[in-house]
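Comments concern the structure below.
Number of protein chains: 4
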Amino acid sequence: MSSLSPQNWLLLKRVVRFGETDAAGVMHFHQIFRWCHEAWEESLEKYGLRASQVFPNDNEVGGTLEVFLPIVHCHADFRLPIKNGDQLSLKLMPTKIDLGSFELKVLFQRGDEDVAIGVLHHLAINSQTRKRCPLPEEINLWLEASSVQFGLRPL
Amino acid sequence: MSSLSPQNWLLLKRVVRFGETDAAGVMHFHQIFRWCHEAWEESLEKYGLRASQVFPNDNEVGGTLEVFLPIVHCHADFRLPIKNGDQLSLKLMPTKIDLGSFELKVLFQRGDEDVAIGVLHHLAINSQTRKRCPLPEEINLWLEASSVQFGLRPL
Amino acid sequence: MSSLSPQNWLLLKRVVRFGETDAAGVMHFHQIFRWCHEAWEESLEKYGLRASQVFPNDNEVGGTLEVFLPIVHCHADFRLPIKNGDQLSLKLMPTKIDLGSFELKVLFQRGDEDVAIGVLHHLAINSQTRKRCPLPEEINLWLEASSVQFGLRPL
Amino acid sequence: MSSLSPQNWLLLKRVVRFGETDAAGVMHFHQIFRWCHEAWEESLEKYGLRASQVFPNDNEVGGTLEVFLPIVHCHADFRLPIKNGDQLSLKLMPTKIDLGSFELKVLFQRGDEDVAIGVLHHLAINSQTRKRCPLPEEINLWLEASSVQFGLRPL
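Protein chains in written order, with our numbering: chain A, 1 to 155; chain B, 1001 to 1155; chain C, 2001 to 2155; chain D, 3001 to 3155.
Here it is, written out as structure tokens:
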């Protein structure tokens, strides 16, 4: 894979749906955070991870999953109105911040236009003690694989 | 308390918010199910129950809470458009179906008009085995107290 | 296309996302209605319609779109718990009820298991007068094309 | 009213509901933005404005409402896990940025603990031209009345 072409798990698509609009006729702002989180989940999946390796579920709350990855900060900027039926391209740009946290930036584009950007900052905590801990190995692998293409990019 | 006047935990209020509308300018249909569930939670709270007695939470999934109350069926009818800023009155009508299930009907009114109705059908299951079990005592008390006023009503 | 194989716009996929679960560790019930509506939108899109032909948007509320298609009834049945990461298959079964309304049934399957079913009942109304009117031609075409495969099916 | 005691439209309450949690057993992060927006709406209402004076609705999209107030930026910080049933106090801190925009900061507290903070940045645009314009008079009045108490506060 060329370092010039982004990994396929970092380039996603999303179509805006009617229930995501409000009475002003455009996407209701907070949907972007759901989109960012779902993009993260889809990215992990395309990279090869199973949801049960990363997310607590029915059998694993307080159980076998050792690390939770809560969001401690997030933000978004909206540049152009986003409408029902818009076909958006998502560029995911994950960055490891330190041993126990990472940031995921998602750029939303419609054709050549940047329409919005969303950023999630995740922290690793031990699921029992709720204290900070290192990121799970699976997440580290995804972060490293994802950084290859961006190594020389002046972002 | 008179049997003619509904219990205060069965008469709630709700104002429709902008993010609950869609680009047709009216409430997006599935919000009604969130409203019904939140009305149920508010009703239990007003009746005197704590959320941790009824709902699994951070400390209790797979832990101390013995009974979960999943929804196995729900439906809604929409009679009139519901708009941003509408001040709705909610009438809750819970009915015990059998030892292990109950139904909650919620009538949404704007002034004297019936605008919508939503119905949730809950089943009691053991949180470990996932098999059917009797309703928790707290829910039975709420159901019984709630039925007093409706005892003679030809609903 | 064989009448035995469903049209491709009636067989969709969906992966359950983390934000769609609740503290009981499973899909929170009302998400199914969002899924049904989004499946409908995706189906129209795959069939060849543009969102702006069917849904009001920024430029068209009170404007050029003549017919709105509000939901007047919906219901769902839940048979098995649905979890984060589940890969669901959706079978869409639309039926024309009369000149001015149709029903969309969506069956959700995980492998060979039926996990849930959701039903939306849409009514055509004139966007100005809010009175009942015939379904838009585009919706009629989609309904007719969709019914071919189901003509002999004893559902 | 004392300048030391916040106006009543800037101190709100909210109880966390079950459907707002996820399978990690705590509030799913993006709910905070819905809470912020709904707090803003409730604040305007308590101050004395009607929804139809500020928000587009069924009759007014592309119609009589001259100014829309889209969000161009938002962010949130999460300090402590928020759980189902938590009774939160909300402190709203609106600030006029310039003639055509304002920021609303909402501090979420549980008892004496700060659990989260959310910030919405709104821009005034003409509903027809989509160009920037001055804030509506109603919003200016709310902003001015809201700033009295905070005039001397070193926030």
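Note that CB positions come from ideal geometry on N, CA and C, so glycine has one too.
A quick note: this is a predicted structure, and the numbers were derived from the prediction, not measured.
- Taking 8 Å as the threshold, the shortest C-beta distance from residue 1139 of chain B to chain C does not fall below it.
- Residue-level contact check: residue 95 of chain A does not touch chain B, since none of the beta carbons of chain B fall below 8 Å from its beta carbon.
- Scanning B:1140, B:1134, B:1130 and B:1078 for the CA closest to the CA of residue 1115 of chain B turns up B:1078.
- Uninterrupted beta strand (DSSP E) stretches at least 3 residues long and entirely within the segment 1050 to 1130 of chain B occur at 1071 to 1078, 1087 to 1098, 1101 to 1110 and 1113 to 1123, given in chain order.
- The alpha-carbon separation between residue 2015 of chain C and residue 3146 of chain D amounts to approximately 45 Å.
- Within the same chain, and ignoring the five residues on either side of residue 3086 of chain D in sequence, the residues whose Cβ sits closer than 6 Å to its Cβ are 3016 and 3110.
- Any Cβ of chain C closer than 8 Å to the Cβ of residue 122 of chain A would place that residue at the interface, and such an atom is absent.
- Spatial neighbours of residue 1096 of chain B in its own chain (CB-CB distance under 6 Å, excluding positions within 5 residues in sequence) are listed in chain order as 1102 and 1143.
- Taking 8 Å as the upper bound for CB-CB distance, residue 2125 of chain C and residue 2081 of chain C are not in contact here, some 37 Å apart.
- Under the DSSP definition of a beta bridge, residue 3015 of chain D partners with D:3087.
- In this structure, residue 2134 of chain C places its C-beta atom within 8 Å of the C-beta atom of residue 2099 of chain C.
- Within chain A, the residues 19 have their CB atoms less than 7 Å from the CB of residue 1028 of chain B, given in chain order.
- Non-local C-beta neighbours of residue 2073 of chain C in its own chain, meaning closer than 6 Å and more than five positions away in sequence, comprise 2121, ordered along the chain.
- Per the C-alpha coordinates, the member of B:1013, B:1031 and B:1049 positioned closest to residue 1076 of chain B is B:1031.
- Non-local beta-carbon contacts of residue 3046 of chain D in its own chain, meaning distances under 6 Å to residues more than five positions away in sequence, involve 3009 in chain order.
- Between residue 3071 of chain D and chain A, the shortest Cβ-Cβ separation is below 8 Å.
- Distance from the CA atom of residue 2066 of chain C to the CA atom of residue 1023 of chain B, rounded to whole angstroms, is 14 Å.
- Residue burial is scored here from C-beta neighbours: residue 38 of chain A has at least 16 other C-beta atoms within 10 angstroms and is therefore classed as buried.
- Excluding residues up to 5 positions away in sequence, 2093, 2117 and 2119 lie with their Cβ nearer than 7 Å to the Cβ of residue 2105 of chain C in the same chain.
- DSSP places residue 1031 of chain B inside the alpha helix (DSSP H), whose first and last residues are 1031 to 1047.
- Taking 8 Å as the CB threshold, residue 3023 of chain D lines the interface with chain C.
- The straight-line gap separating the alpha-carbon atoms of residue 2107 of chain C and residue 2041 of chain C is approximately 16 Å.
- Contacts with chain C (Cβ-Cβ distance below 8 Å) from the segment 97 to 117 of chain A involve no residue at all.
- Taking 8 Å as the cut-off, the Cβ atoms of residue 33 of chain A and residue 3033 of chain D count as close.
- Here the alpha carbon of residue 2044 of chain C sits roughly 8 Å from the alpha carbon of residue 2050 of chain C.
- In this structure, residue 3083 of chain D keeps its C-beta atom at 8 Å or more from the C-beta atom of residue 1140 of chain B.
- Sequence-ordered contacts of the segment 39 to 56 of chain A with chain C read 41, 42, 45, 50, 51, 52, 55 and 56 [C-beta pairs closer than 8 Å].
- Interface residue (Cβ-Cβ distance to chain D less than 8 Å): residue 2126 of chain C is not classified as such.
- Its chain contains 3020, 3021 and 3022 as the residues whose beta carbon lies nearer than 8 Å to that of residue 3028 of chain D, once the 5 sequence neighbours on both sides are disregarded; these appear in chain order.
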